[in-house]
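Those protein sequence lines, which keep their order, are chains A and B.
Taking my numbering, I'd label the letters of the first sequence as residues 1 to 276.
Taking my numbering, I'd label the letters of the second sequence as residues 1001 to 1149.
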Amino acid sequence: MGLQEQYRKEAAELLSSGEVKLVIGYGEGTTADRRRPVFVRSAELVSRLVLDASGVANLSAYLVPEGLLSDGKKVAVFLKPDGVRSINILAAEAQLDPGQVVILGFDIEGGQPTPLPGRKASDYAPLIESLKGSGLSPELQAEADRLEQMGAAERFEYWKEQFSKCIKCYACRQVCPMCYCRRCIVDVNQPQWINTSSHTLGNFEWNIIRAFHLAGRCVACGGCDRSCPVNIPLRLINHRMAKEALDTFGHYAGESADQKPVLATFRQDDPETFIL
Amino acid sequence: MSEPFEPKIVAFVCTYCTYAGADLAGTSRMKYAPNVRIVRLPCTGRISPMFILKALQKGADGVLVSGCHPGDCHFAQGNYHARRRWTVFRALLAFTGIPEERVKFSWVSAAEGAKFTELINGITDSIRALGPFEQYQELQKVIETQSTY
């Protein structure tokens, strides 16, 4: 029995026993290699759930819309380890109660989904610990290294070219489980911090602030990168921020539900070599 | 004949330490470069990275952020939080190619009028040597000249 069948069966049991009110999983997409989220509320419909190597999106983003969890009932969701880290961060930031999330865990190895046994976020602590500091894919790492070696002016030109493509569709924000603000800073117009037209300067500001707000929170699920219609390598910036949080403050995002957000805490002996 | 370049520098300072330090420099009749525009805020913890970007967007050639020494914050912890934020923000500026030399951070207490004077003079000289922040201002000009935006 494949993992898909196993999890369909488990989803049906969870729904018919009333343990969860909803199962969030992957369903058929518009093309054979795409998956879209499906929301299954009754055991008869579990056949809509699909689980294969195309299930890459971090579905934890669908847990944060207001009111979904306010009735105290549980929701089951298909999650990879990065998704579990998102759950931990959302719990640490008081956006949800991890006790209400039943995790149908899996990972993709060798083009096949493999099961992960934990059903609670806390079950994943050893696995997350073992992932700590895991880097980018070799191609992206090569690109990151190339950028690090550039001078500031050359790097500015690189990002200017990348950001000049941005059309400010905010797909990167919409897809991100961490971007749950009801009113995003880019939508604030009194004062208007960020130029809203998609000219390069405004794009610079938007992308810098987006990356800053994800510092020490991004779990590198790659959703922003995949959703970007103009292929800006957002993962590179996010990775740089995650690296800074890990190297300087020893903070690996989403280790546990009671981990303090890196920028909401401090140590008296934090490094300050750059301060005059 | 063109005028020599004089940089515009925006200083975001906390009201309890650095602003008082600047005040001391003034009442002690110390002279410092007039290139700096001081913006007084309650605490360095109040200074969002957005302020720095906005200053650069509006034509600043350099930005200074300054507050109380660690341990001296009026609100006990504001500068510690700010310090973490700056550490991360600096890394981000460096990674996107915005020159780090244009954004400076310092601690100046209410007693350090002389340090404030030296700091402002030093920063003004270094930014003057760097020249105007043309890379960024170029982008702003595009907005102002193209009516399609």
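From the three backbone atoms N, C-alpha and C, an ideal C-beta is built for every residue, glycine too.
Count the other C-beta atoms from every protein chain shown that fall within 10 angstroms of the C-beta of Gly1045 of chain B, then say buried if there are 16 or more, exposed otherwise.
Looking up residue 1045 of chain B in the second sequence gives position 45. It counts as buried.
What do you get for Ser60 of chain A, buried or exposed, if any count of 16 or more other CB atoms within 10 angstroms of its CB means buried?
Counted from its first residue, the first sequence places residue 60 of chain A at position 60. By the 10 Å Cβ count, Ser60 of chain A comes out buried.
Quick one: using the 10 Å Cβ neighbour count with 16 as the cut-off for buried, is Gln162 of chain A buried or exposed?
In the first sequence, the residue the question calls residue 162 of chain A occupies position 162. Result: buried.
In terms of alpha-carbon separation, which member of B:His1069, B:His1074 and B:Ile1052 lies closest to Asp269 of chain A?
In the first sequence, counting from the first residue as 1, residue 269 of chain A sits at position 269. The shortest C-alpha separation from Asp269 of chain A is found at B:His1069.
Can you confirm whether Arg36 of chain A, when its beta carbon is compared against all beta carbons of chain B, has any partner nearer than 8 Å?
If you number the first sequence from 1, residue 36 of chain A lands on position 36. For Arg36 of chain A, the answer is no, since every Cβ of chain B falls outside 8 Å of its Cβ.
Stretch pair the segment 211-220 of chain A + the segment 141-159 of chain A: three plus CB contacts closer than 8 Å
no
Own chain residues within Cβ distance below 6 Å of His1074 of chain B, not counting five before or after
As a position in the second sequence, residue 1074 of chain B is number 74, starting the count at 1. Taken in chain order, the residues that qualify are Tyr1016.
Close beta carbons around Gly223 of chain A, own chain, < 7 Å, minus the five adjacent residues each side:
On the first sequence, position 223 is the one that residue 223 of chain A refers to. These residues qualify, in order along the chain: Ala57, Asn58, Val175 and Cys176.
Inter-residue Cα distance where the pair is Pro1007 of chain B and Leu1130 of chain B:
Numbered from 1 along the second sequence, position 7 holds the residue referred to as residue 1007 of chain B. Numbered from 1 along the second sequence, position 130 holds the residue referred to as residue 1130 of chain B. Approximately 9 Å, taken between the alpha carbons.
Across the segment 260-269 of chain A and the segment 1098-1118 of chain B, are there enough close Cβ pairs to call them in contact, namely three or more that are closer than 8 Å?
no
Quick check on the burial criterion: 16 or more other C-beta atoms within 10 angstroms. Buried or exposed for Asn231 of chain A?
Here the question's residue 231 of chain A lines up with position 231 in the first sequence. So Asn231 of chain A counts as exposed.
Span of the alpha helix (DSSP H) around Cys1043 of chain B:
For this step, residue 1043 of chain B is matched to residue 43 along the second sequence. Premise fails: Cys1043 of chain B is in no alpha helix (DSSP H) and is neither H nor E.
Would you mind sorting Glu5 of chain A into buried or exposed? The rule is 16 or more other CB atoms within 10 Å of its CB.
Your numbering for residue 5 of chain A matches position 5 in the first sequence. So Glu5 of chain A ends up on the exposed side.
Does any heavy atom of the ligand GTP sit closer than 7 Å to the C-beta of Gln1057 of chain B?
In the structure shown, the ligand GTP is absent, as is every other ligand, since no ligand is present at all.
Count the CB pairs spanning the segment 242-255 of chain A and the segment 1015-1033 of chain B that are closer than 8 Å, and state whether there are at least three.
At 8 Å Cβ cutoff, the stretches do not touch.
Beta-carbon separation (whole angstroms), Gly1062 of chain B vs Ile1123 of chain B, contact threshold 8 Å
On the second sequence, position 62 is the one that residue 1062 of chain B refers to. On the second sequence, position 123 is the one that residue 1123 of chain B refers to. The pair is a contact, with the Cβ atoms about 6 Å apart (cut-off 8 Å).
Of all Cβ atoms in chain A, is any one closer than 8 Å to the Cβ of Leu1139 of chain B?
As a working note, residue 1139 of chain B is residue 139 in the second sequence. Chain A, which has a Cβ nearer than 8 Å to the Cβ of Leu1139 of chain B, makes this yes.
Leu1041 of chain B to Ala1011 of chain B span [Cα, whole Å]:
Locating residue 1041 of chain B in the second sequence gives position 41, counting from the first residue. Locating residue 1011 of chain B in the second sequence gives position 11, counting from the first residue. In a straight line, the C-alpha of Leu1041 of chain B is about 10 Å away from that of Ala1011 of chain B.
Spatial neighbours of Pro1049 of chain B in its chain, beta-carbon cut-off 6 Å, leaving aside the 5 residues before and after
Counting from one through the second sequence, the residue named residue 1049 of chain B turns up at place 49. Closer than 6 Å at Cβ, skipping near neighbours: Phe1089.
Which partner residues of Trp1107 of chain B appear in the DSSP bridge assignment?
Residue mapping note: residue 1107 of chain B aligns to position 107 of the second sequence, counting from 1. Per DSSP, B:Gly1067.
Indicate the three-state DSSP secondary structure (helix, strand or coil) for Ile209 of chain A in the structure shown.
On the first sequence, position 209 is the one that residue 209 of chain A refers to. Three-state result, Ile209 of chain A: helix.
I'd like to know whether the C-beta of Pro271 of chain A is nearer than 8 Å to at least one C-beta of chain E.
Among the chains of the structure shown, chain E does not appear; the protein chains present are A and B.
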